[in-house]
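Chemist: Please read through the structure below; I'll follow up with questions.
Chains as they are written, first to last, in this note's numbering: chain A, 13 to 457; chain B, 5 to 265.
Here it is in structure tokens:
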């Protein structure tokens with residue numbers, strides 16, 4: 013039988029038992045849709061994650077060093093001493109080493125009022141922290157503020173402005189206008205140049221009260237950087253540790269830049285060896301309990317990718333189960349169809365259809381149902397992913413939406429899987445149909 | 005081979021196994037059907053007429069004996085070749101019409117063309133319409149089977165049987181599900197097809213129906229017991245009483261035996 017005839021006959025059959033066949037299609041659709049949705053979402057997350065990581069934060073020639081388990085990319089444990097940093101800087105192949113550490117002090121104040129939850133960190137870096145507006149700090153007396161801090165300042169500024177003009181303060185409107193302070197040039201212009209006050213203790217245990225800092229920049233909104241963190245120059249460094257009788261400033265994280273990218277692995281290896289040995293102050297402070305993680309961007313990216321890949325494998329296993337269920341559904345429908353159409357098969361055989369022809373006819377039908385299911389599944393999966401992406405973005409008040417990634421290879425896999433499911437689920441029923449005895453079939457009521 | 009007629013059967017035996025018992029459905033039937041004949045096979049139920057029909061229709065193979073259909077030995081053909089022979093040489097008309105209910109009259113007629121592929125694609129549609137016109141259904145081409153009367157359905161079935169231009173038309177009780185008047189019209193259609201040169205084999209238990217045929221073969225218990233040449237169908241029609249060796253007599257068949265009678 014010609015394929016076109018088979019498809020046409022299958023189609024009329026599918027059309028004449030709409031509900032039943034829709035259910036059969038659905039049984040395949042659900043499995044495929046689930047897989048496509050999850051894969052699409054995970055690829056979206058992965059891409060937005062990697063995007064931020066690679067474009068905003070880390071460059072390919074950088075190596076980040078922090079104690080394991082620290083939730084911040086720039087570490088939490090204050091273990092790296094100035095001596096460590098100096099030694100790292102002296103290592104061959106190292107172009108620069110920037111440090112991160114919290115300020116030993118109180119949160120920021122703005123116009124005499126505390127900005128709650130505003131942490132201040134010192135850093136030597138001028139480029140690692142990405143900015144939405146302004147420039148990075150160049151010395152003492154300057155601060156780059158986090159988005160949350162900028163919002164607070166913005167709100168107070170706008171409220172004061174309105175009050176000064178004798179207008180009523182519409183909280184909601186202010187809230188909206190201050191949503192993205194760094195990205196709204198008009199707002200950013202107002203914030204830049206404002207003065208905040210910092211009370212802190214320096215490395216000589218001297219307390220500085222209400223030290224004025226000029227806002228020179230606003231940190232970029234990003235999942236990787238806390239919106240509460242503001243950054244000042246190394247001059248405000250205050251935490252120290254005493255090692256072998258010597259009191260040294262300590263830092264939570266180090267970011268090393270390599271001069272030649274070819275040497276990246278070699279430098280990373282040198283750093284690992286150094287921080288694994290008791291030669292380093294960090295190891296002396298931390299002991300043997302914790303690892304000090306030395307990660308290149310590639311490793312971080314690889315790790316993220318690997319996590320997602322593992323996730324995908326897990327999803328694959330779930331998908332197999334879902335497709336198995338779909339397969340049983342289609343097989344069931346096909347068996348019923350074959351039974352119902354026994355007479356028809358008899359007629360077809362009497363009018364010249366071969367066994368192979370009948371087999372192909374029913375296989376075509378099963379494959380048709382399953383491929384249809386796969387196509388609908390792909391579309392439903394994409395839709396589901398987009399809905400979920402938007403939901404997630406709004407739920408976590410993410411600044412940037414999660415991109416909808418089209419996973420073309422997975423669509424191909426889905427359609428091929430549909431075909432395979434169709435063939436597997438249709439084979440037995442089609443074989444049943446092919447071996448129908450036309451004499452008995454024509455007598456069949 | 006074709007000199008032996010479109011169907012040539014010699015000493016056909018068909019044994020069915022029903023549980024532990026062997027049932028001899030056909031017991032040494034010999035018969036030749038020349039091209040262009042209108043033959044009726046009669047007999048009570050269980051006489052083996054349907055079995056003979058299935059064998060002639062290449063739906064089944066004989067247990068022993070020789071059966072040539074259009075010169076091909078049915079017993080020796082593969083399933084595939086049998087299907088091909090069925091598709092190109094034989095057209096079936098059933099008592100219960102057996103139309104495919106989901107598709108239109110036209111598509112029902114087109115179906116065997118698609119299954120066999122003997123008719124060039126470009127001609128199929130035109131041919132199907134012409135066949136429906138020929139059976140008097142030119143105005144019902146796009147109707148679905150359930151929109152047609154019994155007689156009309158059987159006409160569609162006849163058009164379908166003719167789809168691949170078969171030499172032989174096999175009809176199994178084609179009027180069995182129709183009222184007398186409609187049945188007569190269908191028989192008239194068969195007669196018309198016969199006049200156009202088609203070979204027709206009609207299985208029936210109804211003497212009235214059988215009377216349309218040129219020759220009537222009667223089966224009882226798997227044996228041919230009587231061959232009757234119809235006076236109405238051909239002018240010098242003679243009833244041939246069959247005693248011993250009747251199989252042979254009928255088997256010699258065709259114009260020759262009639263001429264001799």
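The C-beta atom is built at its ideal place from N, Cα and C for all residues, glycine as well. Just so it is clear, the structure is predicted and the values come from calculations on it, not from any experiment.
For residue 25 of chain A, go through chain B and note every residue whose CB falls closer than 8 angstroms to its CB, in chain order.
Modeler: The answer, in chain order, is 106.
Chemist: Do you know offhand how far residue 265 of chain A's Cα is from residue 87 of chain A's?
Modeler: Each residue's Cα considered, the two are about 5 angstroms apart.
Chemist: Return the Cβ separation of residue 90 of chain A and residue 72 of chain A in integer angstroms, given the expectation that the two are a contact with Cβ distance under 8 angstroms.
Modeler: Actually they are not in contact, since the Cβ atoms of residue 90 of chain A and residue 72 of chain A sit about 28 angstroms apart, beyond 8 angstroms.
Chemist: According to DSSP, is residue 64 of chain A part of a helix, a strand, or is it coil?
Modeler: Helix at residue 64 of chain A.
Chemist: Counting only Cβ-Cβ distances shorter than 8 angstroms, please list the residues of the stretch 348 to 370 of chain A near chain B, keeping chain order.
Modeler: Flagged, chain order: 355, 356, 358, 359, 360, 361, 362, 363, 364, 365, 366, 367, 368 and 369.
Chemist: Within 10 angstroms of its Cβ, does residue 243 of chain A collect 16 or more other Cβ (buried), or is it exposed?
Modeler: When all chains shown are included, residue 243 of chain A counts as buried.
Chemist: Apply the 10 Å Cβ neighbour rule to residue 266 of chain B and answer buried if 16 or more other Cβ atoms are within range, or exposed otherwise.
Modeler: Examination of residue 266 of chain B is not possible in this model, given that chain B is present from 5 through 265 alone.
Chemist: Would a C-beta distance cut-off of 8 angstroms place residue 28 of chain B and residue 37 of chain B closer than the cut-off?
Modeler: Their beta carbons are not under 8 angstroms apart, which means residue 28 of chain B does not touch residue 37 of chain B by this criterion.
Chemist: May I ask you to report which of helix, strand or coil DSSP gives residue 182 of chain B?
Modeler: Note: residue 182 of chain B maps to coil in three-state DSSP.
Chemist: By Cβ distance below 7 angstroms, which residues in the same chain neighbour residue 379 of chain A in space, the five residues on each side in sequence not counted?
Modeler: If we look at residue 379 of chain A and ignore the five residues flanking it on each side, its Cβ neighbours are 431, 434, 435 and 438.
Chemist: So, using beta-carbon positions, are residue 56 of chain B and residue 30 of chain B closer together than 8 angstroms?
Modeler: Contact flag set, yes.
Chemist: If we ignore side chains and look at the alpha-carbon of each, how far apart do residue 32 of chain A and residue 445 of chain A end up?
Modeler: Spanning the two alpha carbons is a distance of roughly 19 angstroms.
Chemist: Please give me, in chain order, every unbroken run of the beta strand (DSSP E) with length at least 3 that falls completely inside the stretch 81 to 148 of chain A.
Modeler: Here the runs fully enclosed are 106 to 114, 131 to 135 and 143 to 146.
Chemist: Between residue 125 of chain A and the rest of its own chain, which residues show a CB-CB distance below 7 angstroms, the 5 nearest in sequence each way excluded?
Modeler: Here the set comprises nothing.
Chemist: So what does DSSP say about residue 143 of chain B, is it helix, strand or coil?
Modeler: Coil at residue 143 of chain B, not helix or strand.
Chemist: For residue 357 of chain A, which of B:146, B:105 and B:173 has the nearest alpha-carbon?
Modeler: Answer by Cα proximity: B:105.
Chemist: Beta-carbon of residue 22 of chain A versus every beta-carbon of chain B: anything under 8 angstroms?
Modeler: No - not a single Cβ of chain B is within 8 angstroms of the one on residue 22 of chain A.
Chemist: Check the DSSP bridge columns for residue 30 of chain B and list the partner residues they point to.
Modeler: Partner(s): B:18.
Chemist: Helix or strand or just coil, what does DSSP make of residue 77 of chain A?
Modeler: Correct three-state label for residue 77 of chain A: strand.
Chemist: Using beta carbons (cut-off 8 angstroms, strictly below), is residue 415 of chain A in contact with chain B?
Modeler: No, residue 415 of chain A does not count as interfacial toward chain B.
Chemist: Since residue 59 of chain A meets chain B, which of its residues come closer than 7 angstroms, beta carbon to beta carbon?
Modeler: Per Cβ cutoff of 7 angstroms: no residues; residue 59 of chain A is ~48 angstroms from chain B at best.
Chemist: Take residue 16 of chain B as the anchor and find which of B:234, B:223, B:233 and B:232 has the nearest alpha-carbon.
Modeler: Selected option, being the one with the closest Cα: B:223.
Chemist: Kindly indicate which three-state DSSP category residue 390 of chain A falls into: helix, strand or coil?
Modeler: Looking at residue 390 of chain A - three-state DSSP - the assignment turns out to be helix.
Chemist: Using a Cβ-Cβ cut-off of less than 8 angstroms, give me the residues of the stretch 432 to 455 of chain A that come near chain B, in sequence order.
Modeler: From the stretch 432 to 455 of chain A, only 450, 451 and 454 have a Cβ closer than 8 angstroms to chain B.
Chemist: So the beta strand (DSSP E) residue 65 of chain B belongs to, where does it begin and stop?
Modeler: Segment: none, residue 65 of chain B is in no beta strand (DSSP E) and carries neither H nor E.
Chemist: Suppose you measure from the CA of residue 328 of chain A to the CA of residue 47 of chain A; what does that come to, to the nearest Å?
Modeler: If I take the Cα positions, the gap works out to 7 angstroms.
Chemist: Report all residues from its chain with a CB closer than 7 angstroms to the CB of residue 99 of chain B; omit the five preceding and five following residues, and keep chain order.
Modeler: So the list reads 176, 177, 178, 180 and 181, once near-sequence residues are dropped.
Chemist: From residue 267 of chain B to residue 129 of chain B, what distance separates their C-alpha atoms?
Modeler: As shown, chain B starts at 5 and ends at 265. That puts residue 267 of chain B outside it, with no answer to give.
Chemist: Taking the C-alpha atoms as reference points, what is the distance between residue 199 of chain A and residue 320 of chain A?
Modeler: Distance between the alpha carbons of residue 199 of chain A and residue 320 of chain A is about 38 angstroms.
Chemist: Would you please verify whether the beta carbon of residue 28 of chain A is less than 8 angstroms from any beta carbon of chain B?
Modeler: Chain B, which has a Cβ nearer than 8 angstroms to the Cβ of residue 28 of chain A, makes this yes.
Chemist: Would you say residue 168 of chain B lies against chain A (beta-carbon separation less than 8 angstroms)?
Modeler: Judged by the 8 angstroms Cβ criterion, residue 168 of chain B is in contact with chain A.
Chemist: May I ask you to report which of helix, strand or coil DSSP gives residue 366 of chain A?
Modeler: Note: residue 366 of chain A maps to coil in three-state DSSP.
Chemist: Assuming the contact rule is C-beta atoms closer than 8 angstroms, residue 414 of chain A and residue 148 of chain A should be a hit. Round their C-beta distance to whole Å, please.
Modeler: With 8 angstroms as the limit, residue 414 of chain A and residue 148 of chain A do not qualify as a contact, their Cβ atoms being about 29 angstroms apart.
Chemist: Are the stretch 77 to 86 of chain B and the stretch 37 to 53 of chain B touching by the rule of at least three beta carbon pairs closer than 8 angstroms?
Modeler: Taking 8 angstroms as the limit for Cβ pairs, the verdict is that the stretch 37 to 53 of chain B does not touch the stretch 77 to 86 of chain B.
Chemist: Within 10 angstroms of the Cβ of residue 290 of chain A, are there 16 or more other Cβ atoms? Answer buried if so, exposed if not.
Modeler: By the neighbour-count rule (16 or more Cβ atoms within 10 Å), residue 290 of chain A is not buried but exposed.
Chemist: Using the three-state DSSP reduction, which class does residue 212 of chain A fall into: helix, strand or coil?
Modeler: In this structure, residue 212 of chain A counts as strand in the three-state DSSP scheme.
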